[in-house]
Structures are given as structure tokens and as C-alpha cells.
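With the first letter of the sequence shown counted as 1, position 794 gets the number 860 in this note's numbering; the numbers rise by one all the way through. Just so it is clear, CB atoms sit at the ideal spot from N, CA and C, and this is done for glycine as well. A short worksheet on the structure shown next.
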Amino acid sequence: MIKYGMALFFYSIWIGSMLFSLMSVPLVVFSETYRGGILSFYGAYVAWRLFSPLRVWPTAQRWMVAMNSRFPYFPSQTVVFANNIVAPSPDTKALLAYHPHGVLSCGWVTNGFGHSVFAASRIQWLVTDLLFMMPGIANVISWFSCGPVGRSNFEALASAGHNMALIPGGFEEATIFVHGKHRVFLKHRKGFIKLALKYGYMVFPVYTFGEELTYHSFPHLLKLRLALNRFKIPGVVFRGLWWCFFLPFRSHAMTTVVGAPLQLPTIPNPTSDEVDKYHAEYVAALQRLFDEFKGNLWQFGARFIIGFPSIPAFIMLQYLMYAVFYSVWVGSLLCFYLALAAIVLTDLRYYLITFFALYYGYRYLVSPLAKWPAAQDFAYKMFKKYPYFPVQKVVFEDGANPPAADSKALLAYHPHGVLSCGWTTNGIGCETFAASKIQWLVSDVLFNLPVMADMISWAGCGPAGKENFEKLCGEGHNIALIPGGYEEATHYVHGEHKVFLKNRKGFIKLALKHGYKVHPVYTFGEELAYTTVNNMLKFRLWLNSWKIPGVVFRGKWWCSVLPYDENPLVTVVGKPLELPLIQHPTWEQVEKYHSDYMTQLQALFDKHKGEYAKDPKATLHFFFALVFAFYTTWMFTMAAAIASVVVMLVSPTYRYYCLAFHACYFGYRYVCPMSGWPELTNWLVNTYKKHPYYAKQDVVFDENVTPAKEHSKTLMAYHPHGILCCGWLVNGGANEVFQKSNFSWLVTDSLFLVPGMANLLSWFHGGPAGRANFERLAKNGDNIAIIPGGFEEATIYARGHHRVFLKNRKGFLKLALQYGYKVHPVYTFGEEETFQSFPYFLKPRVWLNKYKIPGVIFRGLWFCFYMPFRTARLTTVVGPALELPQIDKPTVADVTKYHDEYMVCLTALFEKYKGQYATDPNAVLELH
Numbered sequence: 067m068i069k070y071g072m073a074l075f076f077y078s079i080w081i082g083s084m085l086f087s088l089m090s091v092p093l094v095v096f097s098e099t100y101r102g103g104i105l106s107f108y109g110a111y112v113a114w115r116l117f118s119p120l121r122v123w124p125t126a127q128r129w130m131v132a133m134n135s136r137f138p139y140f141p142s143q144t145v146v147f148a149n150n151i152v153a154p155s156p157d158t159k160a161l162l163a164y165h166p167h168g169v170l171s172c173g174w175v176t177n178g179f180g181h182s183v184f185a186a187s188r189i190q191w192l193v194t195d196l197l198f199m200m201p202g203i204a205n206v207i208s209w210f211s212c213g214p215v216g217r218s219n220f221e222a223l224a225s226a227g228h229n230m231a232l233i234p235g236g237f238e239e240a241t242i243f244v245h246g247k248h249r250v251f252l253k254h255r256k257g258f259i260k261l262a263l264k265y266g267y268m269v270f271p272v273y274t275f276g277e278e279l280t281y282h283s284f285p286h287l288l289k290l291r292l293a294l295n296r297f298k299i300p301g302v303v304f305r306g307l308w309w310c311f312f313l314p315f316r317s318h319a320m321t322t323v324v325g326a327p328l329q330l331p332t333i334p335n336p337t338s339d340e341v342d343k344y345h346a347e348y349v350a351a352l353q354r355l356f357d358e359f360k361g362n363l364w365q366f367g368a369r370f371i372i373g374f375p376s377i378p379a380f381i382m383l384q385y386l387m388y389a390v391f392y393s394v395w396v397g398s399l400l401c402f403y404l405a406l407a408a409i410v411l412t413d414l415r416y417y418l419i420t421f422f423a424l425y426y427g428y429r430y431l432v433s434p435l436a437k438w439p440a441a442q443d444f445a446y447k448m449f450k451k452y453p454y455f456p457v458q459k460v461v462f463e464d465g466a467n468p469p470a471a472d473s474k475a476l477l478a479y480h481p482h483g484v485l486s487c488g489w490t491t492n493g494i495g496c497e498t499f500a501a502s503k504i505q506w507l508v509s510d511v512l513f514n515l516p517v518m519a520d521m522i523s524w525a526g527c528g529p530a531g532k533e534n535f536e537k538l539c540g541e542g543h544n545i546a547l548i549p550g551g552y553e554e555a556t557h558y559v560h561g562e563h564k565v566f567l568k569n570r571k572g573f574i575k576l577a578l579k580h581g582y583k584v585h586p587v588y589t590f591g592e593e594l595a596y597t598t599v600n601n602m603l604k605f606r607l608w609l610n611s612w613k614i615p616g617v618v619f620r621g622k623w624w625c626s627v628l629p630y631d632e633n634p635l636v637t638v639v640g641k642p643l644e645l646p647l648i649q650h651p652t653w654e655q656v657e658k659y660h661s662d663y664m665t666q667l668q669a670l671f672d673k674h675k676g677e678y679a680k681d682p683k684a685t686l687h688f689f690f691a692l693v694f695a696f697y698t699t700w701m702f703t704m705a706a707a708i709a710s711v712v713v714m715l716v717s718p719t720y721r722y723y724c725l726a727f728h729a730c731y732f733g734y735r736y737v738c739p740m741s742g743w744p745e746l747t748n749w750l751v752n753t754y755k756k757h758p759y760y761a762k763q764d765v766v767f768d769e770n771v772t773p774a775k776e777h778s779k780t781l782m783a784y785h786p787h788g789i790l791c792c793g794w795l796v797n798g799g800a801n802e803v804f805q806k807s808n809f810s811w812l813v814t815d816s817l818f819l820v821p822g823m824a825n826l827l828s829w830f831h832g833g834p835a836g837r838a839n840f841e842r843l844a845k846n847g848d849n850i851a852i853i854p855g856g857f858e859e860a861t862i863y864a865r866g867h868h869r870v871f872l873k874n875r876k877g878f879l880k881l882a883l884q885y886g887y888k889v890h891p892v893y894t895f896g897e898e899e900t901f902q903s904f905p906y907f908l909k910p911r912v913w914l915n916k917y918k919i920p921g922v923i924f925r926g927l928w929f930c931f932y933m934p935f936r937t938a939r940l941t942t943v944v945g946p947a948l949e950l951p952q953i954d955k956p957t958v959a960d961v962t963k964y965h966d967e968y969m970v971c972l973t974a975l976f977e978k979y980k981g982q983y984a985t986d987p988n989a990v991l992e993l994h
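As C-alpha cells, this is what we get:
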């Protein structure tokens, strides 16, 4: 029969599309047999959709209305208008809210887009976005003027004033369906009211009597099935006619009643109170409509249930929220790093590269990351209504209040903890800060992670990088961040109060630059949220330098990402530290205000620990950072260069490949000479300033000595060389104090024969220390810095000894005399504590140096031999200049005279400062 044929056609496509889509996911993942075919099908379908987008098919729409009228499926299928109202005219800003959803929305289909009474109203029928991802049903419903109910489409239609119809109850209303019961899922479905207020729509309550008799459903495990709905998985199990389970029973009338409209005012930015008010009015109107017509339409004695079922203990809502959020966070990180490894090591690289290309292309070209106010409002309500911790609150110290919007306030949260529970619960998810319009800044790395990037951007988060920070500061926005970052998480120990702040000064510098006030914020209870593995700290901190999280943790036994919920979580916001506006703050000014900030944070902690800390006698610990990647490049390129020489000598097979590579590399260098990279130099300087590696790393100038001016014919001679020139790097080329002096940092010519290392050194304004380059620079009057001791000084290195190789190193003095340079002796205390070295066979190793072969055998940290011990305290002292006359052709006697004077100056500098900076105040300078 035709009536069965129509219903069978429509519902077959609906159910078939859903089942096919759900089954295709596990088949793609687990079945190599079907994976290719399914992916090809979806690829072809998506391509077809791109070339032939979904659209309304008026002929199909008219045919549907005609067939539904001529061959009705139910004995009676009628639309009734209450209180003499009529169907809305086209584009009159009418919103029809259909109830109940039922199992397969029979009233919505039969007495909605399939009914002639609404044909002239030009209604856009909105259904779940999920259906538009399914081949088959997406095309069919689009023919009948259906569209996705997602916010973007809703707002696009509302902006144009189109009439719309939707089913607010969604999947959940289908899941709570029970044969013969009138149930709607509405108490917390307020989004449609909020959007109706925003665009000034009138909302018609619409109720279908008979929907509750269309199917039988499986009533058990309700709460589990509701949990599935949150992942967009239908949770209803049902049957209809015995011979075709998805066809509804047709032995009863289907009557849809359209109630009088609730006329809403236009409120562009409705508050939650306004939404609650009009939502309550809508619920009351729907209840009145139901009560008025339930007796007239043979549903005598029916009971109307407006419900929002609770979740069982094992899937409590507060757990579910945290589980989803933290699972996405941790899962995104793990998947991202695993994907990178898979790209390098496996044949999955093409699929992964394609996925990342599509994702980032979509993000940057189609739909950039953006805030989602509805998601933020949802978070506020859920964190308030379903608190995870027994106490979770924000406390303001005397004299502190939630900052007014755009009041140039910076909230610095401490500690980071493992997964930033205080930041999430008492920050982003806290309604206290809703009116402050705070921009919540997090690690830039998270914005490279698919899914996590989208989720945190919905909540109003942004990257904490300097570029975005300064952009927001320039616009005067309020900002919140966690200065401690990954390192603070890595230092986490259960029950201890640790912050990573001593050398995190960038946020203070930027606050000074833009005249911000800085609130110290401390969360008590963060230290009790997880248990961590505390071994291999230095290795884990080293991972942080590569933006790899170094914390290994567990929370609840049944879900490790969930924090322990036995303890209160109290966030205390301190009084602001008022900073002056200094457009170009000096290092001393940053140090001063950073010290003031640390003092204020310590005072905040001490004042409130008795009330909120589990241990009233707790102590706040401050920690340093570990950032050092330079030596990896150095060691790797040196090893590769030596290996390539050996290969060329002993392996005919690979000899030509090595020769071809070196020919191409040096040919490229000849055509495109190496040059400085100022931006990278600035980055290096800022990185070492912000993330110092050693316990101490400072540059000290002797009395009346200041940083040299540019082109002032200044030569700085660094001592000692050490193993890997640690003082030369962190207190030399990578130190901001010398940036304006524009030094050329000269190193052994050998390194400029090493591909990779040569480029790296040249980017940082390095150059070969050979005579030709030295004279070229000296003729221009450029400032120069060198390490006179060279390989030999590294070879004679012994831990704890102050040794310089200088007695027969006179060439730099001869060239300084020839060009009239002044020479500053520079000595680094602490260089002698950076490595352990092999002390034997000294003479053979020094002999190797004559052939430019390094003769030092050393080790540093146990897990990475070339990483220096970070307990060293590096203090580089710049001594007074030895003023030299200009002698175009200095004699041996001239050179010897001034060389002796230089050694006296260096010894005097060492003796003057060893008591203050040397590990052993009685140390002796050994001149070789």
C-alpha cells in the first residue's frame, strides 16, 4: 500500500543511513578488507557534496505534501491551532518548538514539513547536525527544506528573519521515550530561547498527541543510554510493527496542537537571568497547552512529565565533565606526539599528513578558532550546579575585587599543578569572572592539537605567546595566565607547594610595557589533586625545553586523568601590584618589579595558608628552568661531519653520496653566503633570559667598565674555553647586555666546515676566528669577541681547576696592535664546574689539537652526556680594557710586551673576583 510505501521509504533511509554510518567507523578502524572501499565511498560522497551542495527540491516537497494528504499513514493526522491563531506568514520571525521528539519524530514529519497547512509559511525545518553527516538521509531531508540545527545555521537563518521549526528535546527526549507516557526533555534546554531573545522571535509551543503511542521502547539502563547521548550516539532501543521494526504503530490518531506564541523582546546579549525568565514562561505556556487539550483529544488522564534525568553514581555529571575535558586534553597531547612519531617511523605518514593538512587547512581557511559564548555559559552553569570538589570557590583578598572589563588587569595563577584544576574550575569555569571578560592564555602548544585547540578556544582561551599577549595588551583586555607553565607541572609533588617563578619575568616585562596591574592568584588544594612520579626530574625538565610535557601522574584509580576530589579547592586572588607604564623597561626595572611580585605572592600564601592549606605550616618553594638545545646541534653536526669523513675513506658505496652532498652544500654556501638572522638572535637572547639553564648566570662589569658601543674597536677575550664554552654562550652571544654592542663572536674555523653548525653560528652573528676574517672585521672597526685558548684550553680542562692556555697565544694581541683595538680580559667563574673530563694521556690529546681534532673526553648529565651540570654558577666578569697603541707592523718585542701586560691584567681580574664568585675562594689561576 502507498501509505506503507512512503513511510517505509523515508524511515528506511533514515535508519539505514544511521546504521551504515555507525558501522563504517569500526570497519575503517579494524578491517583492512573493507577500509579502502568505505574510505573511497566517503571520499567520493564528500567530493560530490562539494560540487553539488545540498539544496531544497521544491518538486519533492510538493510531492511529499500531496502524498501525505492523499494517503495518510495514521487514521487521523491533524494540525490544530489554539486560540484562533493561524499558521505564521512567511519571514515573520516565528519559531515552532515541537514536543515530544518521540522515537522517530512522527508528528514532526507527518504534521510538520509533510503537512500542507505549513506550505505557505516557508518554514526552515531544523534537525540534528548529525544527520547531515550521513550519506542518503542528508540529501533526502535537505530536499524537504530541512537544515542543521547548529548555532551557526540557526543564527544565519535568524539574521534573515526566516521562520523556523525545531525539536528542542533532541536525542535525550527520544531516549526517555516510554510507550504511553508524555515526556519532554526541556528543563535545561534553553539555547533556543536565548537565540530567540537575541533575534526577537515569537516562539510557538507545539505538542503532538499520539507521538507517545508510536513505538515500544527498551526502558532499562536509561541513565547509561543518556550518557551515550552526550557523545551524539542515539540511546533509544525500540520496535514498531512486527514485520518492520522501524515503522510506527498506526492504530491511533496523530494530532499536533500549535499554541499561542510567546512574544519575546529583542535582547542582543541576553543574560542568564533573562533566559531563565523567558524559558520558565515558555515551559508554563507548554504546560497550559497540554492541560487544555489533553482531555479534548481522547488522552484523558494523561500525565505530563518535564524531566532532566540524573546520571548514576558511576557516571555522575561532575565526573563526566572533567573526564571529557581532561581526556581530550591528555588524549590530544598523546595522539599528537604519537602521530609525529608515526609520521617519521611508519607507513601511516601519508594518512596522518593528509589529516593534519585537512584539519589545519579547515582551521585557517574555512573556520578559524573562535570563542563560543554558549559553551562558556554552559561551563559556568555546570561547574556551579555540579561541583567536582567538596568546596570550590574564589576568595578575594581585602582590597581586591573581580576586575572590571578591559581594566588592564593581569591575573597570574599559581601553581600550574598537573592539569590546572584551579585554573579550570576557579578560573575559566567560574561565573565570578564572567563580567570581567578575561582572555585566558595557555601554552601555544595546545593550539597545535586537533580537538583540544577547538575546545579551549570555545572557552575563550588564547595562546600565551608574546605576539598574542602584546596584541591583547594593546587593546587593553584583561588577561589571565599561568607563568609556571610546563616546568611548574614537572616540578609538581603531591602535598608540596611549588611554583616555577624565579626566572619567569617575561609577563612582568610586558605588564610594565603596557601599564598593567598584576594580581597574584594562588590555589590551595591544587597540590593534592594528583600523585606524580618524581624521579628523573632533570630529564623531564629537559623534555620541557622541547615543549614535551614531563609530568607522569595518576588521579583516581578508575580514571587516571580525573583528580582526587576529597579536598577543597580554594583560589585566593590577591591585591594587584600596580605597575608603572614603561614602554621600554630595562632589565633592572624588570628585576625590581619581578622581585616585588614574588614578595607579594609569598605574602599572599603566608597570609592564607593557615585557613586554606591542608598543612598550616606549609612552605612555598620557587624553582628555576632547564632550557638548552644548542649543544645538541653542535654534537650532532660534529659527529655527522666526522662520520662522513670516515665513510668517504672506507666505503666506496657511500663515498659518492657524501661527496655529492658536500659539493651541493658548499656550492649553495658559495652562491648564498651565510649571514646573520636578527630575529633568531633576539629569540635566543629572550629564551636564555626567560629560561636560564644554570643556577646562576650573570655578567658583571668591573668598575668604570660599561658595554662597548657599536664599532668602537673593542676586543673581548673570553677565558676559560671550558669544554663547550658555556660562559661564552649564555653570558656572551646569548646575553642581552651585549646586543647593542654588535659583537662578532668568533670561533674556530673548523666549525664552519660542518654543515648545519656553520649555519647556526652564522645566524647568531658568529664567524671564523681565522686571520682573514679577523682582519676583515678589524678593518671596519667592528667589535670582536674570541676565546684565545681554543681546543687546547678545552683539552687541559679539569673539573674544579682554573686553567687557561695563554702563554703562547699571542696572535690576537698582534692583530689588536695592528688595528689599534682595546682588549678586555673576560673571565667566567663556574666554567670549571660544568663537566667532568678524562684527565689522562694529556700530551697525545694536545698533539691531536694541532690537526684541529678535539682532544677532550668528557661527560655531563647522566642522561645526556653533552649537557653541562646545571648546578654551576656562571658569573662572567668583564675587566678593564688594556688600551693598545696602533702599530701597523708590530715587532715580536711589541707583541711580547703587551701580551705580558694582558696576562697581568687577566691575573689581577681573577684575583680580585675569585673570593666573590669562585667556588673555592683560594683558587689559583693556572697559566699554560
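Tyr100 sits in a helix when the DSSP states are folded into three classes. A check of alpha carbon separations from Gly896 across Lys762, Ile852, Ala835 and Gly926 identifies Lys762 as the nearest. Pro629 and Asn801 have their alpha carbons spaced roughly 41 Å apart.
Thr665 sits exposed, since fewer than 16 C-beta atoms from the chains shown fall within 10 Å of its C-beta. Here Thr861 is actually not in contact with Val820; their C-beta atoms are around 19 Å apart, not less than 8 Å. In chain order, Ile548, Gly550, Glu554 and Ala555 place their CB closer than 6 Å to the CB of His482, counting only its own chain and leaving out the 5 sequence neighbours on each side.
Per the coordinates, the alpha-carbon of Lys775 lies some 22 Å from the alpha-carbon of Cys971. Taken through DSSP and simplified to helix, strand or coil, Ser283 comes out as strand. Distance check between His286 and each of Thr280, Gly301, Asn295 and Thr274 places Gly301 closest, using alpha-carbon atoms only. For the pair Ser97 and Met89, the Cα-to-Cα distance works out to about 11 Å.
By the neighbour-count definition (other C-beta atoms within 10 Å, threshold 16), Thr780 is a buried residue.
Only residues of its own chain outside the window of five on either side were considered, and among them Lys260, Leu263 and Lys264 have a CB closer than 7 Å to the CB of Pro336, listed in chain order.
Rounded to whole angstroms, the separation of the alpha carbons of Ile852 and Met740 is 19 Å. Secondary structure note for Val656: it is in no beta strand (DSSP E), and the uninterrupted alpha helix (DSSP H) holding it is Trp653 to Tyr678. Per DSSP, reduced to three states, the secondary structure at Met704 is helical.
Here Ser218 is exposed, its C-beta having fewer than 16 other C-beta atoms within 10 Å. Three or more pairs of CB atoms, one per stretch, sit closer than 8 Å, so the region 163-174 contacts the region 271-283. By the CB criterion at 7 Å, Leu950 and Leu843 fall outside the cutoff. For Ser182, the closest C-alpha among the options Arg136, Lys845 and Val627 is that of Arg136. In this structure, Ser283 and Phe304 form a Cβ contact; the two beta carbons are roughly 5 Å apart against a cut-off of 8 Å. Counted as a single uninterrupted DSSP element, the alpha helix (DSSP H) harbouring Asn205 occupies residues Ile203 to Trp209. With fewer than 16 other Cβ atoms inside 10 Å of its own Cβ, Cys310 counts as exposed. Pairing Asp357 with Phe455, the inter-Cα distance amounts to about 42 Å.
Taking a contact to require three or more Cβ pairs closer than 8 Å, the region 129-147 and the region 341-355 do not qualify as touching. Under DSSP, His890 forms a beta bridge with Met782. Exclusion of the five residues before and after Ile419 leaves Ile409 as the residues of its chain whose Cβ lies within less than 7 Å of its Cβ. With a 10 Å radius around the Cβ and a threshold of 16 neighbouring Cβ atoms, His254 comes out exposed. Under the three-state reduction of DSSP, Asp768 is assigned to coil, being neither helix nor strand.
Under the criterion of beta carbons closer than 8 Å, Val599 and Leu686 do not qualify as touching, at roughly 23 Å. Here Ala226 is not near Phe184, since their CB atoms are 7 Å or more apart. Taking the Cα positions, Pro92 is about 45 Å away from Ala706. About 4 Å separates the CB atoms of Gly325 and Leu355; that is less than 8 Å, so the two are in contact. Contact annotation: Ala231 and Leu162 have beta-carbon atoms nearer than 7 Å. Following the DSSP letters along the chain, one finds Ile242 in no alpha helix (DSSP H), marked with neither H nor E. Just so you know, the alpha carbons of Lys963 and Leu879 end up roughly 10 Å apart. Shown here for Gly266: same chain residues with a beta carbon closer than 7 Å to its own, the five before and five after excluded, namely Lys159, Leu330, Pro331 and Thr332 in chain order.
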